[in-house]
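Notes for the one structure printed next.
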Amino acid sequence: MAPLGRRTGRRRKGSRQALPGDEFARMLLEQIADPALDQASAINLIRELAIHLHQLSDHQSLYELVRDTTQPELLRRECALAFRQLATELLASGPQLDEQFDEQHYEVENWLVALDPADLEARRNRVELLIGLGAADLAADDIEYIERADPDDGWLWEIRGLLLFNAGMYEEALSQYSSLQARDPLSVTALTGIAQCLGRLGRFEEAVETCDLLLTYEFEGMWEVRFERAVLLRDLCEFDRALDDFNACEGMPLAGSLYFDRGLCLFLMSRLADSIADFDNDLEQPDRQDLSLWYRGCARLRMGELEGALDDFEQYQRIGGDSEFIHQGLGQVFLRRGEFESADYHLRAALGGPMADHFSRFLLATLNRRRGDEGQAGQRFDEAVEIIGSMIQEGQDDWHSRSAMAFYEAVRGETEAAVLNYQIAMRHAQNEYLVRLELENLEEYARMFPEDEAVDVCSKLLTKYLILIEAGEFS
Numbered sequence: 005m006a007p008l009g010r011r012t013g014r015r016r017k018g019s020r021q022a023l024p025g026d027e028f029a030r031m032l033l034e035q036i037a038d039p040a041l042d043q044a045s046a047i048n049l050i051r052e053l054a055i056h057l058h059q060l061s062d063h064q065s066l067y068e069l070v071r072d073t074t075q076p077e078l079l080r081r082e083c084a085l086a087f088r089q090l091a092t093e094l095l096a097s098g099p100q101l102d103e104q105f106d107e108q109h110y111e112v113e114n115w116l117v118a119l120d121p122a123d124l125e126a127r128r129n130r131v132e133l134l135i136g137l138g139a140a141d142l143a144a145d146d147i148e149y150i151e152r153a154d155p156d157d158g159w160l161w162e163i164r165g166l167l168l169f170n171a172g173m174y175e176e177a178l179s180q181y182s183s184l185q186a187r188d189p190l191s192v193t194a195l196t197g198i199a200q201c202l203g204r205l206g207r208f209e210e211a212v213e214t215c216d217l218l219l220t221y222e223f224e225g226m227w228e229v230r231f232e233r234a235v236l237l238r239d240l241c242e243f244d245r246a247l248d249d250f251n252a253c254e255g256m257p258l259a260g261s262l263y264f265d266r267g268l269c270l271f272l273m274s275r276l277a278d279s280i281a282d283f284d285n286d287l288e289q290p291d292r293q294d295l296s297l298w299y300r301g302c303a304r305l306r307m308g309e310l311e312g313a314l315d316d317f318e319q320y321q322r323i324g325g326d327s328e329f330i331h332q333g334l335g336q337v338f339l340r341r342g343e344f345e346s347a348d349y350h351l352r353a354a355l356g357g358p359m360a361d362h363f364s365r366f367l368l369a370t371l372n373r374r375r376g377d378e379g380q381a382g383q384r385f386d387e388a389v390e391i392i393g394s395m396i397q398e399g400q401d402d403w404h405s406r407s408a409m410a411f412y413e414a415v416r417g418e419t420e421a422a423v424l425n426y427q428i429a430m431r432h433a434q435n436e437y438l439v440r441l442e443l444e445n446l447e448e449y450a451r452m453f454p455e456d457e458a459v460d461v462c463s464k465l466l467t468k469y470l471i472l473i474e475a476g477e478f479s
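This note's numbering puts the last residue of the sequence shown at 479; the count rises by one with no breaks.
The following block contains the structure:
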């Protein structure tokens, strides 16, 4: 985000030598400039000009007239108000406005505050624009002014909630939005903020319930809430519902990283070709998610397209992606290709990563086993199980941790413990997509080590569970 200060010293003085607008607007400007024009006629022409440019959605001409110091103050003010109204309409209808437009809008509101320091609407708009432009630290004076002028303004709770949310202080932001809702139980802004905070705090079910409530209302930007709900449902592993919401958002403006988020949902549903198509589309967007390269590589890896996966992981490395993910991805490709030295280098480099250290150790164990070093393999398996066990003891007891524990125990040959943990995992989530993904992992391991009885037992167990889930008979 470019700093606002970059414009210092670059403002141009206005000039009537290059009048803005279309032919009709230029005619009005020439009439307004006539010294013989009486005041009442001038006022009418000025308002007609502002309305005309607003109807044309000609924000550039409105902006130039606000900046033109040779124009009458009333003309500049009417154009500023027309610009503000147009900005509100454009924001509501989309597509997303660019940074240059926001900077122009900031200058317009800045001029209105200079004209009338008590203009609270201009100050509110200026705060919101500063936040959007990444300069929230410059908004403190305006917020304090509004607090003094109107301490009961509900906007204050909204903006404090937004600032706290952007700072990652989700509990504190939730408190602000909850206070706003207490003042106005039907506030869409309050409920939207509450849903987002609950989602960031991992309280996904409550967040979805809040989104469900919001979607019973009619308001601009309903699709934004639906997109938020889609992400929450995906995190809850309710993939079918999530996919319905993602699809409903396609073609809508400001729908976040739709291709990436839907691609990840499809990836988790094992619809790998569809997920790759979405990651391809995301990578063509100006605000692309770099992780699309990583997940596209993972999808190709799961499909056995090792060269394509290698290319994606190397591209992700060249753009400075997450080191742990890079080395895990490259390590898996080289492990599959039987290039054990290269695999060993990358998997060791991935050790100690913050996201999935247990998986790096599992992959190293698999590599050592492929090399015939059962001692080193056993040590790495033990390390992976210990990390997952600590996560469970610390409260992260869910499908993901239990199924990982079961999988690691299965490949260690501990059949009874693996079966027990898969049974616990199934109590956390009776989800056919998660079970299919786990079966895929077990089957891949069985292809490398067909003699593993524990892996075979667990595959048969999960296959039975999958049949029961599909028949609606799991209990």
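For every residue, glycine included, the Cβ atom is placed at its ideal position computed from N, Cα and C. Computed from a prediction, not measured in an experiment: that's the story for all the values here.
Original post:
How is the alpha helix (DSSP H) around M452 delimited, first residue to last?
Top reply: In this chain, the alpha helix (DSSP H) harbouring M452 covers E436 to M452.
Subject >> Cβ-based neighbour list, L286, same chain, cut-off 7 Å, excluding 5 preceding and 5 following >> reply: The sequence shown places Asp at residue 286, rather than the Leu named in the question. In the same chain as D286, and ignoring 5 residues on each side of it, the C-beta atoms closer than 7 Å to its own belong to S261, Y263, F264, G267, R292, Q293 and S296, in chain order.
Original post:
What is the DSSP secondary structure of T4, reduced to helix, strand or coil?
Top reply: Missing from the structure shown is residue 4; the chain here goes from 5 to 479 and no further.
Original post:
If A347 and G335 are in contact, beta carbons under 8 Å, what's the gap, nearest whole angstrom?
Top reply: Taking the Cβ atoms as the reference, A347 lies roughly 5 Å from G335, within the contact range of under 8 Å.
**OP:** Check each candidate in A126, R440, D154 and L168 and name the one with the smallest Cα separation from T92.
**Re:** Distances from the alpha-carbon of T92 to those of A126, R440, D154 and L168 put A126 closest.
Original post:
Can you list, in chain order, the residues of its chain whose CB lies under 6 Å from that of R88, leaving out five sequence neighbours each side?
Top reply: In its chain, beyond the 5 residues on either side, no residue has a beta carbon closer than 6 Å to the beta carbon of R88.
Original post:
How is R375 classed by DSSP in three states: helix, strand or coil?
Top reply: Of the three classes helix, strand and coil, the one that applies to R375 here is coil, per DSSP.
Original post:
For C493 versus N435, is the C-beta distance shorter than 8 Å?
Top reply: Here the chain has residues from 5 to 479 only, and residue 493 is not among them.
Subject >> Whole-number beta carbon distance between R375 and F344, since they are thought to touch under 8 Å >> reply: Your pair F344 and R375 checks out as a contact, with CB atoms roughly 6 Å apart and the cut at 8 Å.
Subject >> The alpha helix (DSSP H) enclosing D239, as first and last residue numbers >> reply: Annotation for D239: the continuous alpha helix (DSSP H) segment containing it runs M226 to D239.
Subject >> Simplified DSSP state of S405, which is helix, strand or coil >> reply: In the displayed model, S405 falls within a helix according to three-state DSSP.
**OP:** Could you tell me whether the region 102 to 112 touches the region 75 to 90, using the rule of 3 or more Cβ pairs below 8 Å?
**Re:** Enough Cβ pairs lie closer than 8 Å, so yes.
**OP:** Measure the CB-CB distance between A410 and C462 and report whether it falls below 8 Å.
**Re:** Taking 8 Å as the cut-off, the Cβ atoms of A410 and C462 count as close.
**OP:** Check each candidate in W298, D284 and A303 and name the one with the smallest Cα separation from M273.
**Re:** M273 has its Cα closest to that of A303, out of W298, D284 and A303.
Subject >> Cα-Cα separation, I47 to E213 >> reply: The alpha-carbon of I47 is positioned some 52 Å away from that of E213.
Original post:
DSSP three-state call for S463: helix, strand or coil?
Top reply: Taken through DSSP and simplified to helix, strand or coil, S463 comes out as helix.
Subject >> Cutoff 8 Å; reference N129; Cβ partners in own chain excluding five residues on either side >> reply: Listed in chain order, the non-local C-beta contacts of N129 below 8 Å within the same chain comprise R88, H109 and E113, local neighbours out to five positions each way being set aside.
Original post:
To the nearest whole angstrom, what separates the beta carbons of C253 and R230, a pair I think is in contact under 8 Å?
Top reply: Your pair C253 and R230 checks out as a contact, with CB atoms roughly 6 Å apart and the cut at 8 Å.
Original post:
Relative to the alpha-carbon of G165, which residue among R152, T193 and F250 has its alpha-carbon at the smallest distance?
Top reply: The shortest C-alpha separation from G165 is found at T193.
Original post:
If we ignore side chains and look at the alpha-carbon of each, how far apart do Q35 and E162 end up?
Top reply: So the alpha carbons of these two residues sit roughly 45 Å apart.
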